[in-house]
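Novice: In the working numbering, the protein residues as written are 1 to 396.
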Amino acid sequence: MVFAVFQALGYHSNTLPPANNDVYRYTVQAHSATGAGPDEAVRRAAADWCRSRAANDTTARRVEGSVGAQPDPRAYTGCLDWLIRHDGTTERYKEIFYARPGYPFLASLVAPLTGVWAALWVVSLAFTLAGGALVIILIRLVGGGVGAAWTGEILFFALPTGGLGVQRLTDGPAVTITLAALVGAVLLACRRSLLPGIATLCAALALGCFVRYSSFTFLCAALLAASIVCLGRCGSRHAGTVALAATSLAGFTGITLGARLMGWPEAASTMQDTFTDHFKQPDVADPVAHLARLNAALWSYLPWQSETAAFLPVALCGLSFAALWRFDATFAVLATAAALTGLLSVIAHPVYGQYARLALPVWLLPVLGLPFLTRRRRPAQEPAPHDDRDPAVARS
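1. I need the DSSP call for arginine 327, collapsed to helix, strand or coil.
2. Can you tell me whether methionine 1 is buried or exposed? The criterion is at least 16 other CB atoms within 10 Å of its CB, across all chains shown.
3. Between which two residues does the alpha helix (DSSP H) harbouring aspartate 171 extend?
4. Got a sec? Which residues, its chain only, sit under 6 Å from alanine 75 by beta carbon, not counting five neighbours each side?
5. So valine 288 and threonine 276 are supposed to be a Cβ contact under 8 Å. How far apart are they, rounded?
6. Is tryptophan 304 buried or exposed, if buried means 16 or more other CB atoms sit within 10 Å of its CB?
7. Could you check which residue in Phe157, Arg92 and Arg357 has the C-alpha nearest to that of lysine 280?
8. Taking only three categories from DSSP, how would you classify alanine 271?
9. Flag this pair as yes or no: are the beta carbons of alanine 174 and serine 215 separated by less than 7 Å?
10. Please work out which residues of its chain come closer than 8 Å, Cβ to Cβ, to alanine 267, disregarding the five sequence neighbours upstream and downstream, and give them in chain order.
11. What does the alpha-carbon distance come out to for the pair isoleucine 397 and arginine 192?
12. Taking all protein chains shown into account, decide if phenylalanine 127 is buried (16 or more other Cβ within 10 angstroms of its Cβ) or exposed.
13. Inspect the beta-carbon positions of glycine 258 and leucine 188 and report whether they are closer than 7 Å.
14. Confirm the yes/no value for this check: CB of isoleucine 136, any heavy atom of the ligand GTP, distance under 6 Å.
15. Contact check, cysteine 202 vs isoleucine 255 under 8 Å by CB: the rounded distance?
16. For the alpha helix (DSSP H) that lysine 94 lies in, which residues bound it at each end?
17. Might you give, ordered along the chain, the residues of its own chain that have their beta carbon closer than 7 Å to the beta carbon of threonine 27, omitting 5 neighbours on each side?
18. Is it buried or exposed, cysteine 79, if we count other Cβ atoms within 10 angstroms and call 16 or more buried?
19. Compare the beta carbon distance of leucine 298 and alanine 310 with 7 Å and say whether it is the shorter of the two.
20. Which of the three DSSP states, helix, strand or coil, is assigned to proline 282?
21. Could you tell me the alpha carbon to alpha carbon distance between arginine 140 and cysteine 190, rounded to whole angstroms?
22. Applying the criterion that 16 or more other CB atoms from any shown protein chain within 10 Å of the CB defines a buried residue, is threonine 374 buried or exposed?
23. Considering only residues of the segment 185-271, which uninterrupted alpha helix (DSSP H) runs meet the minimum length of 4 residues and lie entirely inside it, listed in chain order?
24. Following the continuous alpha helix (DSSP H) through leucine 368, name the residue where it begins and the one where it ends.
25. Go to phenylalanine 3, then tell me how far its alpha helix (DSSP H) extends in each direction, as first and last residue.
26. Between Ala292, Leu224 and Ala245, which lies nearest to threonine 341 when the distance is taken from Cα to Cα?
27. Measure the alpha-carbon distance for proline 313 versus glycine 132 and round it to whole angstroms.
28. Which value, in whole angstroms, describes the spacing of the CA atoms of glycine 10 and alanine 4?
29. Quick one: what does DSSP say arginine 51 is sitting in, helix, strand or coil?
30. Would you mind working out which of Arg100, Glu40 and Ala338 sits nearest alanine 221, comparing C-alpha positions?
31. Using the C-alpha atoms, what's the distance from leucine 195 back to glutamine 7?
32. Check the C-beta distance from serine 300 over to glycine 369 and give it rounded, since I have them as a contact under 8 Å.
33. Check each candidate in Gly263, Thr270 and Leu134 and name the one with the smallest Cα separation from alanine 204.
34. So glutamine 29 is in the alpha helix (DSSP H); what residue range does that whole segment cover?
35. Select from Thr217, Cys234, Arg233 and Gly102 the residue whose C-alpha is nearest the C-alpha of leucine 249.
36. Would you check if the distance between the CB atom of valine 211 and the CB atom of threonine 270 is smaller than 7 Å?
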């Protein structure tokens, strides 16, 4: 409730989140999902976008110290005229967002009450709040106490998982659905609850496929690798871990085949999007080699930029993994697998300006691990010896 109130009070400052063009595309899709025609959806989305841009311009001048800064009508009209007349978005770029129908569809359900622009924020906020609840469930499932569970939830809201999760993008919903999938994985690998675990994991992967299928392809691969690691350990070698491996493999296959059947863009297309400024330039002849060069450039630059604080998540993840490994090695492997999907996303899309939001799942490891820094799993107590004698004799 505190986090929701805090975000509501700061709603005016959340007008232009990062990845601005992505937000505009989701706004167009949400208007289309409400029943607007293609041209009308673009017009309405442009109005929402330019109204927000004009408000952001006024706010920026005020917080920079401009006394009595007033809205400039030309900021809105000029933006609207330019956006409608010069929208250079290519059809190949739009297809990437056609493959993510879940988020704008959910926003269209809320739109009759709030309008589309606010509905996108409301959906992201609702997912982020649900993510905090899932952190509590996860920590309690693996045997953490109430204090650890509350600490994990506070960390979830205080770290970038909270602040970036409420942006008008799929990053927040994707992180929350990843937590839901992790609940299913924990039920299988830690609690050995087969049917609840399989059902939870399958439901999360199915929803994630329609929110951002590429991220959940990574998640299936990471959980499959984690289950193989767990099967190599004597304490984790049981039917639940085998079921996790089978479900992850089935999820990876199902998402990949489903995306292909629906004609959604594949990895090569999304790489070309990165290399060609949203397909405005000719395709790169060798995308894999170009991706390697971009990663070399990004990772040789990123750690030395103070604004990114790249070493902070590395340090916190190291502490978190050590704490989780000491408490429950199986959960440590599963949480690390979920966090690695953020690193995989950055490697697949090495763009400096979008690093923070793409790496968002990395923060799940500190969220789930730091509450266990001072905790150890208690050894199982020996059962009390059973006395078959008559109670009266035993008392004597």
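For each residue, glycine too, the CB sits at the ideal point set by N, CA and C.
As the structure is a prediction and not an experimental result, all values here were calculated from the model.
Specialist: The structure says:
1. Position check: residue 327 holds phenylalanine in this sequence, whereas arginine was assumed. Secondary structure of phenylalanine 327 (DSSP, three-state): helix.
2. exposed
3. 171-189
4. Closer than 6 Å at Cβ, skipping near neighbours: Ala54 and Asp57.
5. Actually they do not touch by this definition, with Cβ atoms about 15 Å apart.
6. exposed
7. Residue Arg92 is the option with its Cα nearest to lysine 280.
8. Note on identity: in this sequence residue 271 is methionine, with alanine being the wrong assignment. Helix.
9. Alanine 174 is a Cβ neighbour of serine 215, given a cutoff of 7 Å.
10. Ser214 and Ala348
11. Any question about residue 397 goes unanswered here, given that the chain covers just 1 to 396.
12. buried
13. no
14. The ligand GTP is not part of the structure shown, which contains no ligands of any sort.
15. That belief does not hold up - the Cβ atoms of cysteine 202 and isoleucine 255 are roughly 11 Å apart, past 8 Å.
16. 91-98
17. Beyond the five residues adjoining it in sequence on each side, threonine 27 comes within less than 7 Å, by CB distance, of Ala45, Asp48, Trp49, Val116, Trp117 and Leu120 in the same chain, given in chain order.
18. buried
19. no
20. coil
21. 12 Å
22. exposed
23. 194-231 and 239-261
24. First-last of the alpha helix (DSSP H) with leucine 368: 364-369.
25. 2-9
26. Leu224
27. 19 Å
28. The C-alpha of alanine 4 is placed about 10 Å away from the C-alpha of glycine 10.
29. For arginine 51, the three-state secondary structure derived from DSSP is helix.
30. Closest option to alanine 221, Cα to Cα, is Ala338.
31. 37 Å
32. Actually they are not in contact, since the Cβ atoms of serine 300 and glycine 369 sit about 28 Å apart, beyond 8 Å.
33. Leu134
34. It spans 20-33 - the alpha helix (DSSP H) in which glutamine 29 sits, taken as one unbroken run.
35. When each option's Cα is compared against that of leucine 249, the closest is Thr217.
36. no
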